[in-house]
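In the numbering used here, the protein residues as written are 959 to 1314.
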């Protein structure tokens, strides 16, 4: 069993004891006044983190559920999926399963997409939607979403769908100002809450598009989810234990303050950078200036096995992750997000360095 403070997966993350305790709250009805008051607090707290004035939609499920909701309702015929790693490919797979035509723009793993390259890709077959991932968990790369969305806003009726899964709660996000038409997140990453609630905000343009789309389903219909969010009610019977945990954690985040929270995440990313530069036994997949504050993906020296290293640390009571896909055994990933601290990270790096 991993000791508290030694869990560094890039999601799900370790949950603070007070947040875990909130999950055993006595049962309440999901249509009760108490539940509605809790949902109102959750919507306000998430809205503050998202810097959004749009109603915050929630659904019981993982982020993949909200990704599918966005694809089913937001894509008319053809979507350009910017593929920057394992999780951005998920958008493309969902779209194909939903019988949408997919155009993939492949960005080499470990690189960021510059607006000029996106502009070239848009010279191809016309698309009515574009998907982006803010922080690609498999590579630790931050995409310049605000710059990319600025370009996309100039194209007319192209809906933009943005995954903020590995940034929300650990890095500044601003979907309204950026111009994202649909921006989604989930609980089990930098927010530091158990898995089980996905959330999103949507623009009026997205909702108009969705309202005209047939076959968008029931459970994941953004039009219905938005109406419920406006009314301040849960769309279906939710996982109330997770909502209680989210409510408790949002209160803790408010006490810490967002500036302090983001500063703590920035300091952890900087510490990993200093550590890598100091020993040179591995290197970042992401280039300087494009490294996430929430997760570091580090390429090992030739001949070193990520699987072996992760197993070794597991035997010592520490949890980190291997890479994804073809890079599974050549890359390790350290999730420094949620409630992790610099002191805990330093302890991990001290154990990890002699074993690289």
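For glycine and all other residues, C-beta sits at the position ideal for the given N, C-alpha and C. It should be emphasised that the depicted structure is a prediction, and the values quoted were computed from it without experimental measurement.
Please determine, among 1130, 1129, 1106 and 1127, the residue with the shortest C-alpha to C-alpha distance to residue 1119.
-> 1106
When the Cα of residue 1180 is compared with those of 1223, 1250, 1289 and 1165, which residue comes out closest?
-> 1165
Under 9 angstroms between the Cβ atoms of residue 1067 and residue 1096?
-> yes
Could you please give me the residues that DSSP links to residue 966 through a beta bridge?
-> Beta-bridge pairing links residue 966 to no other residue.
Among 1132, 1278 and 1032, nearest to residue 963 - alpha-carbon criterion = When 1132, 1278 and 1032 are compared, the shortest CA-CA separation from residue 963 is found for 1278.
Start-to-end residues for the beta strand (DSSP E) that takes in residue 1115 | From DSSP, residue 1115 is part of no beta strand (DSSP E); its letter is neither H nor E.
Among 1083, 1218, 1070 and 1212, nearest to residue 1006 - alpha-carbon criterion | 1212
Assumed close pair residue 1204, residue 1151 - CB separation to whole angstroms, cut-off 8 angstroms = 5 angstroms
Host alpha helix (DSSP H) of residue 1182 (start-end) = 1180 to 1189
So, are the CB atoms of residue 1309 and residue 1256 less than 9 angstroms apart?
-> Between residue 1309 and residue 1256, the C-beta gap is not smaller than 9 angstroms, which leaves the two residues out of contact.
Are the stretch 1008 to 1028 and the stretch 1142 to 1157 touching, with three or more C-beta to C-beta distances below 8 angstroms?
-> yes
Which residues in the same chain have their Cβ closer than 8 angstroms to the Cβ of residue 1265, if we skip the five residues on either side of it in sequence?
-> 1280, 1286 and 1287
Same chain, Cβ closer than 6 angstroms to residue 1297, five either side skipped, listed in chain order = Cβ neighbours of residue 1297 within its own chain (closer than 6 angstroms, five residues either side excluded): 974 and 1150.
Among 1239, 1237 and 1232, nearest to residue 1246 - alpha-carbon criterion | 1232
Among the residues of its own chain, which have a CB less than 7 angstroms from the CB of residue 1047, if the five just before and after it don't count?
-> Excluding residues within five positions, the ones whose Cβ falls inside 7 angstroms are 1041.
For residue 1358, does the three-state DSSP call read helix, strand or coil?
-> Examination of residue 1358 is not possible in this model, given that the chain is present from 959 through 1314 alone.
Under 8 angstroms from any heavy atom of the ligand MN, does the C-beta of residue 1080 make it?
-> Only the bare structure without any ligand can be found here, which leaves the ligand MN out of the picture.
Kindly indicate which residue of 982, 1000 and 986 has the alpha-carbon position closest to the one of residue 1190.
-> 1000
Below 7 angstroms CB to CB, which residues in the same chain sit around residue 1091 once its five sequence neighbours on both sides are set aside?
-> 1042, 1045, 1046, 1101 and 1121
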